[in-house]
Ligand SMILES: Cc1cc2nc3c(=O)[nH]c(=O)nc-3n(C[C@H](O)[C@H](O)[C@H](O)COP(=O)(O)O)c2cc1C
Ligand code: SF4
Ligand code: SF4
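Numbering (the numbering used here), first residue to last: 4 to 254.
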């Protein structure tokens, strides 16, 4: 029994979840989704295939959609989804199921792990509570998956159009005057959407709103232009068990 675990993560919640899960699932390999971004065709061959990713606006990151649309499933694997989120995952299972049906497959099981938010930031106490519960939550997910349950996610007609179907500047990221041009944001961006010009980070139009650049900037020089509460007043966050190097190695 072999398992492939495709993972997207901007601040480590999903990456640490994938690492924990990989220890419990048989013959499991974790594949970073950003590393597949420019592949026109992706051949997928395993007995079980999982997707681990953060929720953005009750949906999966747009990059997941384009990567799954490039996948050719060599057999009919058992396919599962594990999202990480602060608490609201909407109908992501139906969206994932509809996407997989475009590839001649379907979603067998959908689970979630609650972890600190990296957009709307929770309190330190809430974060500590969620982080402390992560290992048990992932163990419970693994125990469920090892029974290879079947759920019916198919809904017809398809759910509401996805709000994040295409990369877009939903809340455009910008660098501030005190940017030192170090390039960390450009290196960590899963879409290669940032370039450094004249010692300053410039964002393009191919943004997932993943906020990796915001959270990993050593100078706190990135903010989101948003109609909501000024994000500059929010905290930077990353999962305590990941490093910048971990995130860079996902590309
Ligand atoms: C743009 C954006 C939108 C988000 N939308 C949701 C949401 O709709 N529901 C939710 O529970 N969490 C939401 N979150 C929080 C993330 O899903 C959550 O923090 C996730 O675990 C981050 O995973 P990562 O560390 O692997 O990137 C959002 C985060 C971002 C950056
Ligand atoms: S990581 Fe921050 S300081 Fe470095 S180039 Fe990007 S915005 Fe500027
Ligand atoms: S520009 Fe920032 S928010 Fe947009 S995709 Fe790149 S790292 Fe993510």
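Each residue gets a CB set at the ideal place from its N, CA and C atoms; glycine is no exception.
C-beta contact flag for residue i and residue j at 8 angstroms
i	j	result
residue 247	residue 219	yes
residue 203	residue 182	yes
residue 73	residue 105	no
residue 9	residue 83	no
residue 190	residue 154	no
residue 61	residue 11	no
residue 42	residue 168	no
residue 28	residue 145	yes
residue 197	residue 185	no
residue 240	residue 119	yes
residue 211	residue 65	yes
residue 52	residue 7	yes
residue 20	residue 95	no
residue 206	residue 175	yes
Spatial distance of residue i from residue j (CA atoms)
i	j	result
residue 177	residue 147	42 angstroms
residue 269	residue 142	Lying outside 4 to 254, the shown extent of the chain, residue 269 is not represented and no answer is given.
residue 132	residue 90	13 angstroms
residue 244	residue 123	20 angstroms
residue 32	residue 24	10 angstroms
residue 193	residue 138	26 angstroms
residue 70	residue 40	6 angstroms
residue 57	residue 149	22 angstroms
residue 14	residue 223	15 angstroms
residue 99	residue 156	9 angstroms
residue 81	residue 110	8 angstroms
residue 87	residue 199	31 angstroms
residue 254	residue 209	16 angstroms
residue 77	residue 103	14 angstroms
residue 107	residue 164	20 angstroms
residue 4	residue 26	14 angstroms
residue 242	residue 79	34 angstroms
residue 37	residue 75	17 angstroms
residue 22	residue 252	14 angstroms
residue 180	residue 221	14 angstroms
residue 129	residue 121	13 angstroms
residue 46	residue 97	23 angstroms
residue 30	residue 201	47 angstroms
residue 34	residue 63	17 angstroms
residue 16	residue 125	14 angstroms
Residues that DSSP places opposite residue i in a beta bridge
i	result
residue 226	177
residue 47	76
residue 53	8, 83
residue 35	10
residue 220	Per DSSP, none; premise fails for residue 220.
task = Mind listing, in chain order, the continuous beta strand (DSSP E) runs of no fewer than 3 residues lying wholly within the stretch 107 to 136?
result = As summarised for the stretch 107 to 136, the continuous beta strand (DSSP E) elements at least 3 residues long and confined to that stretch are 112 to 117, given in chain order.
request  = List in chain order: all unbroken alpha helix (DSSP H) runs of 4+ residues lying wholly within the stretch 55 to 82.
outcome  = Within the stretch 55 to 82, the complete alpha helix (DSSP H) runs of at least 4 residues are 65 to 72.
request  = Output the residue ranges of the alpha helix (DSSP H) runs that lie fully inside the stretch 174 to 216 and measure 4 residues or longer, sorted by chain position.
outcome  = Counting only runs of 4 or more residues that sit fully inside the stretch 174 to 216, the alpha helix (DSSP H) segments are 187 to 191, in chain order.
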